[in-house]
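Enquirer: Dumping the structure here so I can ask a few things about it.
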Amino acid sequence: MATTRTQVGIIGGGPAGLMLSHLLHLQGIDSVVLESRTRVEVEGTIRAGVLEQNTVDLMVDTGLGDRLKREGLEHHGIELRFGGRGHRIAFDELTDGRAVTVYPQHEVLKDLIERRLADGGDIRFGVSEARVHGHESDTPSITFVDSDGNEQKLDCALVAGCDGSRTETRKLIPESTVRTDHFRQYPFAWFGILAEAPPSSDELIYANHERGFALISTRTPDVQRHYLQVDPNDSVDNWSDDRIWDELHQRVDGEGAEIKDGKIFQKSILQFRSFVCEPMQHGNLFLAGDAAHTVPPTGAKGMNLAIADVFVLSKAMDHFFVNSDRKLLEAYTATVLPRIWRTQHFSWWMSSMLHRLPDESGFGHRRQLAELDMVTRSVAGRTLIAENYVGTPLIF
Ligand code: DHB
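Residues 378 to 773 in the working numbering are what the sequence shown spells out, letter by letter.
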């Protein structure tokens, strides 16, 4: 079995794993990333597309900003739409000039992969059977089968579990004796489309409507991304293009807004879950991103949260290698959890305020409208949304 030695073994080549590898490299620490998918699959998976100001700043500051600055669409506000009218949340004046940038997750991954490879980084795509051994000892290792079918071993000092929501590494933190999982399921899902169409709006629209929530987003001047609230058991086969556009028009059109139709070329259903596992460390294994937590999509926080985790983790790992001191490693969970729970709350709050609950009486919907009215009418309310939407500080 061929053996490679590295400082940090990273399982998962999504935003958390690749950004961790990049940040470690800038600190002079080497790592190997093991990813089960091929590079083409990683670079082609459609996910959310909104980067917080923190994520943009980190990318720019660490040399990943060229294409982002050229192709990303900076947004200085969003619209909350209810009662047939739009209510703008103006980030500039409410957050001291902070903004978000629409730049899809797979574009971030392309930039990270290109940069890691240009810097001589070691990313193994298409690996299978990755198993962590000895993570409670000082000499952990990972065995895996490479894309040619050869068994391989990676000896390392630290292991990062960045293998997403279908994680295997989380299971290495013993449940109940050490690990507690906090989970919430929602009674709705999103139907997402990509369409060749002109933008329907200059800014994202989050619409609360009696027929259910709708979100108007964008990708490029020619490609739009929209979502509709649907039942979690619904299927894409039930939705013809005409039905989708008709539903979007009904839920969004009105004073100051009119959806522009186009040719739909991608349809998918996204489930809604909130999840946090505590702690996020066991011995020399550290979880980051979706392996440790999932947020419902409203507010587009998932990737941003993963990047915030590895920002903290990379500094803790650096402190360990430079000073032979575990203090920051042992503080990792306690350092990242407050921000994770704040983000969980925001995603839950936006979801609860904007979606129609099945079996809900008229009371529930009127209560939501009153809440939206309260939040949008008050500067304090708008500030609360704006601060959380553009992103809270990376370290609380
Ligand atoms: C997008 C996704 C989100 O979850 C959101 O809140 C805003 C935008 C998007 O994919 O564009």
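C-beta: ideal position from N, C-alpha, C; glycine also.
This structure is a prediction, so every number in the text was calculated from the model and none was measured.
With hydrogens ignored, establish whether the beta-carbon of residue 433 is closer than 6 Å to any heavy atom of the ligand DHB.
Expert: No; taking the cut-off as 6 Å, the Cβ of residue 433 has no heavy atom of the ligand DHB nearer than that.
Enquirer: Helix, strand or coil for residue 646? Go by DSSP, reduced to three states.
Expert: Strand at residue 646.
Enquirer: Where residue 429 and residue 463 are concerned, what is the direct C-alpha to C-alpha distance, given to the nearest angstrom?
Expert: Whole-angstrom Cα-Cα distance: 22 Å.
Enquirer: Using only CA atoms, which one of 456, 653 and 621 lies nearest to residue 714?
Expert: That would be 653, whose Cα lies nearest to the Cα of residue 714.
Enquirer: At a threshold of 6 Å, does residue 674 count as lining the ligand DHB (C-beta to nearest heavy atom)?
Expert: Residue 674 Cβ: within cutoff of the ligand DHB.
Enquirer: Check the C-beta distance from residue 666 over to residue 672 and give it rounded, since I have them as a contact under 8 Å.
Expert: No, residue 666 and residue 672 are not in contact; Cβ-Cβ is about 11 Å, not under 8 Å.
Enquirer: Measure the beta-carbon distance from residue 582 to residue 456 and round it to whole angstroms, keeping in mind my assumption that it falls under 8 Å.
Expert: Their Cβ separation, rounded to whole angstroms, is 5 Å, which keeps residue 582 and residue 456 in contact under 8 Å.
Enquirer: Run the CB neighbour count on residue 624, radius 10 Å, all protein chains shown included, and call it buried at 16 or more, exposed below.
Expert: Buried, because 16 or more other Cβ atoms sit within 10 Å of the Cβ of residue 624.
Enquirer: Grab the span of the beta strand (DSSP E) containing residue 456 for me, first residue to last.
Expert: Element bounds for residue 456: 454-459.
Enquirer: Indicate the three-state DSSP secondary structure (helix, strand or coil) for residue 637 in the structure shown.
Expert: Reduced to three states, the DSSP call for residue 637 is coil.
Enquirer: Under the three-state reduction of DSSP, which class applies to residue 402: helix, strand or coil?
Expert: Residue state, collapsed to three classes: helix.
Enquirer: By Cβ distance below 6 Å, which residues in the same chain neighbour residue 561 in space, the five residues on each side in sequence not counted?
Expert: These residues qualify, in order along the chain: 651.
Enquirer: Could you tell me whether the Cβ atoms of residue 383 and residue 419 are closer together than 7 Å?
Expert: Not in contact: residue 383 and residue 419 (Cβ atoms no closer than 7 Å).
Enquirer: Does the beta carbon of residue 574 fall short of 6 Å from some heavy atom of the ligand DHB?
Expert: It does not: the Cβ of residue 574 is nowhere closer than 6 Å to a heavy atom of the ligand DHB.
Enquirer: In chain order, what residues of the same chain lie with their CB nearer than 8 Å to the CB of residue 552, ignoring the 5 residues before and after it?
Expert: These residues qualify, in order along the chain: 558.
Enquirer: Confirm the yes/no value for this check: CB of residue 425, any heavy atom of the ligand DHB, distance under 6 Å.
Expert: Indeed, a heavy atom of the ligand DHB lies less than 6 Å from the Cβ.
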